Structure formats: C-alpha cells, structure tokens
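Be aware that the sequence shown starts at 86, since it is given in our numbering, and climbs by one per residue.
Below is one structure, written out as structure tokens, with a few remarks after it.
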Amino acid sequence: MIICHSRKFVFFSFPKTGSESLRDMLSDLNEETVTSYSKATVASPWYSHMSPAEAKTAFAARGLNLGDYFTFTVTRNPYPRMVSIYEMVMAVDRSQRLWRGIGLPAKPFGKWLAGTQPGGAGGGGRNHDRWRKFGTWSTQNWISGHEGRPIVDKVLKLEHLSGDLPAVLKLLDVPVPETLVHKNRRVSSDWRSYYNTATRALVADRFAWDLDTYGYGFQD
Numbered sequence: 086m087i088i089c090h091s092r093k094f095v096f097f098s099f100p101k102t103g104s105e106s107l108r109d110m111l112s113d114l115n116e117e118t119v120t121s122y123s124k125a126t127v128a129s130p131w132y133s134h135m136s137p138a139e140a141k142t143a144f145a146a147r148g149l150n151l152g153d154y155f156t157f158t159v160t161r162n163p164y165p166r167m168v169s170i171y172e173m174v175m176a177v178d179r180s181q182r183l184w185r186g187i188g189l190p191a192k193p194f195g196k197w198l199a200g201t202q203p204g205g206a207g208g209g210g211r212n213h214d215r216w217r218k219f220g221t222w223s224t225q226n227w228i229s230g231h232e233g234r235p236i237v238d239k240v241l242k243l244e245h246l247s248g249d250l251p252a253v254l255k256l257l258d259v260p261v262p263e264t265l266v267h268k269n270r271r272v273s274s275d276w277r278s279y280y281n282t283a284t285r286a287l288v289a290d291r292f293a294w295d296l297d298t299y300g301y302g303f304q305d
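Take a look at the structure:
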C-alpha cells in the first residue's frame, strides 16, 4: 500500500499480482507509515495489503475522503493467481511444513481451493496473514466498498502492466522506469497442470465477474 497525500493517490496491494514491485517503485512517494497488519495501530492503521474498504473507513476516521484520491490496484488472471497463492501457502504454512517434515504429502490443490472463498475469510490462515486472506478474493470483492460498489478508480492487469502502467505514472507525475522488475514471483510455469474439470469449473464460477470484465480465460 502506498498513500501519497501531496499527489492525492493511493495504491492498493492486491496479493499475488506483482504488488511488491509497484510498492518498491512508489515507495519514495509514500507519506504514511505502512507496516504489517500485526504492527498496525489505531493511530497508524495502514498495513501492506490493506483492502480498499478498510482504507475508506480509516480515511473517514481521520476526516479524509478516499474519493478525493486517485486509487488504483493490479489484478491478475485468477487461474494462475490461485496456483500462486496455493504454492506460497504450502511453502510457508506451519502445519504444511510439519507434515512434510514427517513425510506426509501437501494438501492437494483441489482440496485447498475448495476450502477457500472469493470474499470474507478468503484464503483463511491466521488473522495477521492478510496476504493469505485477500489472496483468494475476487477482484470484484477487492475493489468494492462495504456497500458493494467499486471504490477503486483504476484496475491494471498484471499481464499488460508494462503497457498500461506508464499512463498511470504520468498521471501521477512519476518517472516511468525503463523496465519493471517483478519481485517475489512464485508460480509454477505449468500452472494449468494443477487443474482438472472440477477445479476449473470452481474458478470459473467464483470469478465469473473477473473473467468477463478483464477478458481472462484458462488458456491465457
């Protein structure tokens, strides 16, 4: 998350969409203390993967209107995004590490996916693991306020970021880098192999709005 009061913009870090790269790029313009969820306080509530709805409430508590700021985020094809978040959970989850330590297999992708949600508790995990919670949210839920209406001005697609980001940076009067480095990349090059008929149908149903709105598909 990046909050710049002087230039009136907020960047929201949707997990597993290349957000860390953009946070690094814009970090010099950040004018609030943005920390981890576990270290956030009432006086300084900002944390890395704070949702737009949470931020709108926090802005209002300080007499500020989020609607006065240009807000943007990045989305990604939900098919590889679910695999990316699954691989990260399997790599860092305490119980998964313990199971691997005694020779037990990781939870299958299909079973894990079925236990997640595109909103609410999302990907589960401990309360402070907000990347995990919001990682399985649909873009529709991520960009919406508590009233269910979109509160984010611009949604960029990770797959087209190099082409679409310069216009946003110019709007913010931010220098356009020659190249965009994608940090913290974690996804199997063959993410399609994780899917079967049932899991494909599950993603198609849960993320129907995302797929239709941003033109995503399984073969992308």
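All C-beta atoms, glycine included, are put in the ideal place defined by N, C-alpha and C.
Quick caveat: nothing in here was measured; it's all calculated off a predicted structure.
{"Check": "Inter-residue Cα distance where the pair is A206 and H213", "Outcome": "12 Å"}
{"Check": "Endpoints, the beta strand (DSSP E) within which K101 is located", "Outcome": "It is not in any beta strand (DSSP E) - K101 carries neither H nor E in the DSSP assignment."}
{"Check": "DSSP state of T120 mapped onto helix, strand, coil", "Outcome": "strand"}
{"Check": "Backbone secondary structure at N115 - three-state DSSP", "Outcome": "coil"}
{"Check": "Nearest to V237 (by Cα), restricted to the options S98, H90, R92 and S91", "Outcome": "S98"}
{"Check": "I170 burial status per 10 Å Cβ neighbour count (16 or more: buried)", "Outcome": "buried"}
{"Check": "Per-residue DSSP class, three states only, for T221", "Outcome": "coil"}
{"Check": "Where T235 sits in the DSSP three-state scheme", "Outcome": "The sequence shown places Pro at residue 235, rather than the Thr named in the question. Note: P235 maps to strand in three-state DSSP."}
{"Check": "Pair within 8 Å by beta-carbon distance, W276 and V168", "Outcome": "yes"}
{"Check": "Check whether Y299 and T201 have beta carbons under 8 Å apart", "Outcome": "no"}
{"Check": "Buried/exposed call for H134, threshold 16 Cβ in 10 Å", "Outcome": "buried"}
{"Check": "Reduced DSSP category for I88 - H, G, I as helix; E, B as strand; rest coil", "Outcome": "strand"}
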